[in-house]
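Protein chains in written order, with UniProt numbering: chain A, 1 to 89; chain B, 1 to 89.
Cβ atoms here follow ideal geometry from the backbone N, Cα and C, with glycine treated the same way.
Following: one structure in structure tokens, then a few remarks.
Number of protein chains: 2
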Amino acid sequence: MVRQPLTPEQIEAGRRLGALLRHARAGRDLAEVAHAAGISPETLRKIETGRLPSPGFGTIICLGEALNLPVQELAATWRGSDLSLEAVL
Amino acid sequence: MVRQPLTPEQIEAGRRLGALLRHARAGRDLAEVAHAAGISPETLRKIETGRLPSPGFGTIICLGEALNLPVQELAATWRGSDLSLEAVL
DNA sequence: ACTTGCCGGTATAGTAATACCGGCCTATCC
DNA sequence: GGATAGGCCGGTATTACTATACCGGCAAGT
Numbered sequence: 001m002v003r004q005p006l007t008p009e010q011i012e013a014g015r016r017l018g019a020l021l022r023h024a025r026a027g028r029d030l031a032e033v034a035h036a037a038g039i040s041p042e043t044l045r046k047i048e049t050g051r052l053p054s055p056g057f058g059t060i061i062c063l064g065e066a067l068n069l070p071v072q073e074l075a076a077t078w079r080g081s082d083l084s085l086e087a088v089l
Numbered sequence: 001m002v003r004q005p006l007t008p009e010q011i012e013a014g015r016r017l018g019a020l021l022r023h024a025r026a027g028r029d030l031a032e033v034a035h036a037a038g039i040s041p042e043t044l045r046k047i048e049t050g051r052l053p054s055p056g057f058g059t060i061i062c063l064g065e066a067l068n069l070p071v072q073e074l075a076a077t078w079r080g081s082d083l084s085l086e087a088v089l
């Protein structure tokens, strides 16, 4: 066996993560944030819209730094155990 | 341009992350931890040895949970700003 | 109309995640 | 002490996915 396709749960987790990032960006220019995180705007847009459901660890860490998001909230959102996100959506 | 190769900095970050994970495992069986995190033993071994320098976000989160490692420490180690790791190596 | 900003589709190099192999140690057990 | 087993390692192969780029389109604001 090699590299199974992503499970629906993982895709759903990616969607939640994207929604959190988009909400945290809150009006700032997408390209500006992407540059601050050291990734391309295209990539950030795909992460936010959930089309890149499972990005690299470093990618998310850098984004969290650029957006001033605590790492724990990112992790909690990915796991689906984030309560503060629900209130926001 | 498409997908540039990983920079030496990213590879070094992967090595640090692997060293932290291996240290945190501390004697537990590799296969047992991998199973607890929901990944294959082969994958965990490659992450620990630094041969998978930039794993997925979810992969690291699950490993941190299986090893009881705070997410912040994982992030700090990846960034190279972890002080507690230095004391351990 | 023109700009700004986001969107989905498409294409592509490089990587993640998985699996199998043989080898190398270090114990442990006839 | 030679076989046997447990655990790690590097090399290799394969598939799905990331990260990036370019395109045309669409809506809102100027």
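Those residues which DSSP pairs with B/Gly56 across a bridge: Paired residues: A/Gly56.
Establish whether the CB of A/Val33 and some CB of chain B are separated by less than 9 Å. At a cut-off of 9 Å between beta carbons, A/Val33 makes no contact with chain B.
Is the beta carbon of B/Gly64 closer than 9 Å to that of A/Ala13? no
Does the CB of B/Gly80 have a neighbour CB from chain A at under 9 Å? no
What three-state label does DSSP hand A/Pro8 in the structure shown? helix
Proximity below 9 Å, CB of A/Leu21 to CB of A/Leu6: No, the pair does not count as a contact, with Cβ atoms beyond the cut-off.
Can you find a CB in chain B that lies within less than 9 Å of the CB of A/Ala75? Contact with chain B is found for A/Ala75, since one of that chain's Cβ atoms lies less than 9 Å from the residue's Cβ.
Alpha helix (DSSP H) containing B/Val2: first to last residue? No alpha helix (DSSP H) contains B/Val2, which DSSP labels as neither H nor E.
Measuring only the C-alpha atoms, how far is B/Gly27 from B/Ile39? 18 Å
Would you decide whether B/Arg51 is buried or exposed? Buried here means 16 or more other CB atoms lie within 10 Å of its CB. Exposed, by the Cβ-count rule.
To the nearest angstrom, report how far apart B/Gln72 and B/Ile60 are at their CA atoms. 12 Å
Specify, as a first and last residue, the run of the alpha helix (DSSP H) that B/Ile47 falls within. 41 to 49
Could you list which residues in chain B have their beta carbon closer than 9 Å to that of A/Gly50, in chain order? Simply none; closest approach about 14 Å.
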